[in-house]
Each structure stands twice: as structure tokens, then as C-alpha cells.
Amino acid sequence: MSVTTEPIPQPRPRPLLGNLPDFDAGKGVFGLVELAQEYGPIYRLELPGNDLVVVSSQELVDELCDEKRFDKKVHTPLQNVRDFAGDGLFTAETQEPNWGAAHRILMPAFGPAALRTMFDGMTDIAEQLLLKWERQGPAHRIDVGDNTTRLTLDTIALCSFGYRFNSMYSDQMHPFVGAMVRSLVESGERGHRLPLQNRLMVRTRHQYDEDKRLMFEIADQLIADRRRHPLPGGEHDILDTMLEATDPLTGERLSDENVRYQLVTFLIAGHETTSGLLTFTVHELLRHPEVLAKAQAHVDEVLGNRAPRFEDLVELGYLDRVLKESLRLWPTAPAFAVQPYEDTVIGGRYPVRAGQTLLVLIPQLHRDPAVWDRPEDYDPDRFAFERAEQLPPNAWKPFGNGQRSCIGRGFALQEATLFLAMLLQRFDLTAATRTTGSTSSRR
């Protein structure tokens, strides 16, 4: 059978810089979205030392999710993150022994039984933040992004590592957060500079090295503290699993260095993405008061005035729809890359090379008009069971794909559902103005 191929659409490259001037780095991933709106569901960019094929339609993405033909690609941005996350789950190559070992060891640690044991810790941290809001009163203006970052950092640390950052009790964010944010920003910006520029930015490199040292120091401290002070009463958490469990395939344990990288990975991925999900959800609820009212009535019906229990989570189905619709419009991990195992053709006409970087652009995928009616509208009922069943495969991908998808998906959704339920149960939300705050207690 013969296949007629055609070149992938591409902005005209410039000498030396390639397509770098066509990409507005200040807009982040939405700079790529703008190019997708101009060049269509597949286009190619030439970048210094690299080229990138950006894919965003459900039809093409469905093909790229075939793990028999495509594997995760640790492309340039992830290679830069790997400088401080090492061969942790997110930045390791699939073929690396440490990825396979950590994946086999840690999958059960994020399973349903483990999530039940984490419920009390999640409630503990959520209660701290909500109590703080109650005491600050309705006139206090709340920075939702800042507060949910504190919430999710403290939650992942307590539930996974038995450690309290106590972020609610300090005006300043924990030093890990500043180091992490600066490192992530710098790792992203390095991919948009020429190598000579990176070498000449001495002060930036020095700050980056200091931030990396601090993150490693905090992770190593957590490991050392646990070895000196095991959890009381025979309790066991994810840190214990990483330190003590053996790979069921090889019988070997993770090295201390790899445990360090997993800790840094979980602290980054386990709090930054979930805080973004909660922030965007509050933003959309305030923009859509009818959805907010429906969500609040749903919480009142399920919980009344009592404290939530683990068994309530499955009953909070409307909140699940709300969160999934927020992830559709505002996926907090907005792209993932794959690579073909062999030279192949996608979409029946676009040739791609073995090892070439194919970037799945999730915000544009989630707005594909062939799948989503009125794609810019915020409509949680898209994820009602009957409608969600009708979605074509791989149309909604906020957690990545296949064996390389986010291992903490259940953790993130449980934490977000619980906090959102407790928030709506206890507060009426209003957008902050120049003179008022953004919550008032319902008690």
C-alpha cells in the first residue's frame, strides 16, 4: 500500500534562530496555542539545536497515544528540569532501570487503599487553611494562588513524607517553593536562549545552583530525619516505601540518590499542579455563579453541617465534574512529548522520524471543535457520565498518557475534591474588590 505524504506546516525559519522569533515565550504554552490557531492541528518549529512538531487535534493525538508506536520523550524542557529532578519518575527515560523500579514500587503507594490512609492528613491541612480564613474575617482579601500553593505543599509533605512545612503560620512561603519556582522558570527559559547566552548569565547560573542545592538539602534532610525517627505506632507512608520496599522484579531497593530525586519530583508535581487546579476552579466558579450555586447546594446535600468522611468523596460527583472541566480549559500540566520508535507517518500523510519530538498541546486538544461543543464555555456537565461516555478516546489528557501518565492523579483529585467541598460548605465566595475580601463564613 502506498502512502502520499506532505510536509508538516511550518513558519518560515530565520537563519541561526530558526522559528524562535515566532514563539512568544512571555505567553508560555498559549504562544504555541496561537500558532496552532494559525497553522492548524500539526505544525513544525525549528529551534536552536532542535526541532519540534506540535500536535493538537484529537484525531492525531489519539494516534500518538499508541504506546506500541510512541514512547514518552524527555525533550529539552524536561532535560533541563532533569538537572535537579534527576531520574525521578517524571524526568527519567522509560528504558532507564530506575524508572521501572520506582514505577513498580510506587504504583501501590498511590492506589485506593493508600489514598484512604491519606484522607486524615488532607483534612488536617485543609482545616488549617479554612480556620485561618475564618479568623481573618470576610473583609480580608485572599490570594487564592498563594494560599492553595501553601495548602498543597503542606498536604503532599504531610501525607507522603510525614513532614510539616507549616506554611499557614508564616507570611513567607517555605524556601523550597521559591527555589522550586525559580528553578522551573530558569529551566524553561534556558530552552529559549542560545547556548552562549546561558553561559554569559553568571548571576542567573549562580542563583540556579543555589536553588538546586537548597532543594537537595531539604530532600536529604527529610530522608535523614526519617532514618533517625521512624513514624510512631508502625505507621507507614510513601517515604518509607521508597526507603524500604524492594522492586518486585529485581529485588533491589531504590538508592538514596534516587529517593532524593523522587522527593523533589513529588514536591514539585504534587503541589504545583494541584494548586493551579484549585486556583483556576475558584476563578471559574466566581465567573459562573450558577455553577457555584449548584456546587454549593450539592455539597450541602451530601455533607450538611458535618465533617466530610472518606466515603463521601464518591458522592461528590458534581465537584468531580467541576474539577475535570477546569482541567479541560486550564490543564496545569499543559503538554507532554512523545517520540516514534521508528520512522512513521501520522494522520496518513505527515512523515516523522524515529526519536523526533512530537509535542501534544493539551489546551488546544481540549478545545478541539470536532470533539467539544462550544469549547470555550465552562460547562461541568460535559463530564456527566452519559456525556463523558460519548467522548472519543484521548480527547481529555490532563494527566499525560499510558504508563507515563501522572502517578499521583488519584491523590490530586482526592485532595482537590476534599478541599473544594470543605470550602463550599463553610464559605460564600465573592470576587475581591478594592474594598472587600473574597469569602464570608456560612457558619
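If you use our numbering, the sequence shown closes out at 425, no skipped numbers anywhere. For each residue, glycine too, the CB sits at the ideal point set by N, CA and C.
{"query": "Considering only C-alpha positions, which residue in the set 406, 415, 318 is nearest to residue 386?", "result": "318"}
{"query": "Within a Cβ cutoff of 7 Å, which residues of the same chain sit near residue 380, ignoring the five residues on either side of it in sequence?", "result": "309, 313, 315, 344"}
{"query": "Does the region 7 to 15 come within contact of the region 150 to 163, defined as at least 3 CB pairs closer than 8 Å?", "result": "no"}
{"query": "Can you check which of these residues, 349, 399, 348, is closest to residue 256 by C-alpha distance?", "result": "399"}
{"query": "Confirm, please, whether the CB-CB distance from residue 403 to residue 268 is below 7 Å.", "result": "no"}
{"query": "In chain order, what residues of the same chain lie with their CB nearer than 7 Å to the CB of residue 351, ignoring the 5 residues before and after it?", "result": "357"}
{"query": "Measuring CB to CB, does residue 35 end up less than 7 Å from residue 26?", "result": "yes"}
{"query": "Secondary structure at residue -4, three-state DSSP: helix, strand or coil?", "result": "strand"}
{"query": "Should residue 188 be labelled buried (16 or more other beta-carbon atoms within 10 Å of its own) or exposed?", "result": "exposed"}
{"query": "Judging by CA-CA distance, which residue of 122, 143, 235, 291 is the nearest neighbour of residue 79?", "result": "235"}
{"query": "According to the neighbour-count rule (16 or more other Cβ atoms, all chains shown, within 10 Å of its Cβ), is residue 281 buried or exposed?", "result": "buried"}
{"query": "Looking at C-alpha atoms only, which residue of 330, 93, 391, 42 is the closest neighbour of residue -12?", "result": "330"}
{"query": "Give me whichever residues DSSP pairs with residue 28 in a beta bridge.", "result": "33"}
{"query": "At the level of alpha carbons, what is the spacing between residue 274 and residue 103?", "result": "26 Å"}
{"query": "Out of 116, 110, 98, 406, which one is the CA nearest neighbour of residue 263?", "result": "406"}
{"query": "Determine the direct distance from the alpha carbon of residue 65 to that of residue 181, and round the result to whole angstroms.", "result": "16 Å"}
{"query": "Consult DSSP for residue 353 and reduce its assignment to one of helix, strand or coil.", "result": "coil"}
{"query": "So, helix, strand or coil for residue 124, using DSSP?", "result": "coil"}
{"query": "In the DSSP assignment, the beta strand (DSSP E) including residue 321 goes from what residue to what residue?", "result": "317 to 322"}
{"query": "I think residue 426 touches residue 73, with their Cβ atoms under 8 Å apart; what is that distance to the nearest whole Å?", "result": "Only positions -17 to 425 of the chain appear in this structure, which leaves residue 426 out of reach."}
{"query": "In angstroms, rounded to a whole number, what distance separates the CA positions of residue 360 and residue 225?", "result": "43 Å"}
{"query": "On a CA-only basis, which of 91, 245, 231 is nearest residue 205? Give me that one, please.", "result": "245"}
{"query": "Can you tell me whether residue 327 is helix, strand or coil according to DSSP?", "result": "strand"}
{"query": "Determine the burial state of residue -2: buried for a count of at least 16 other Cβ atoms within 10 Å of its Cβ, exposed for fewer.", "result": "exposed"}
{"query": "What's the gap between the Cα of residue 290 and the Cα of residue 129?", "result": "21 Å"}
{"query": "Buried or exposed for residue 397, going by 16 or more other Cβ atoms inside 10 Å?", "result": "buried"}
{"query": "Identify the residues that DSSP records as bridge partners of residue 333: which are they?", "result": "327"}
{"query": "In the DSSP assignment, find the beta strand (DSSP E) that holds residue 409 and state where it starts and stops.", "result": "409 to 411"}
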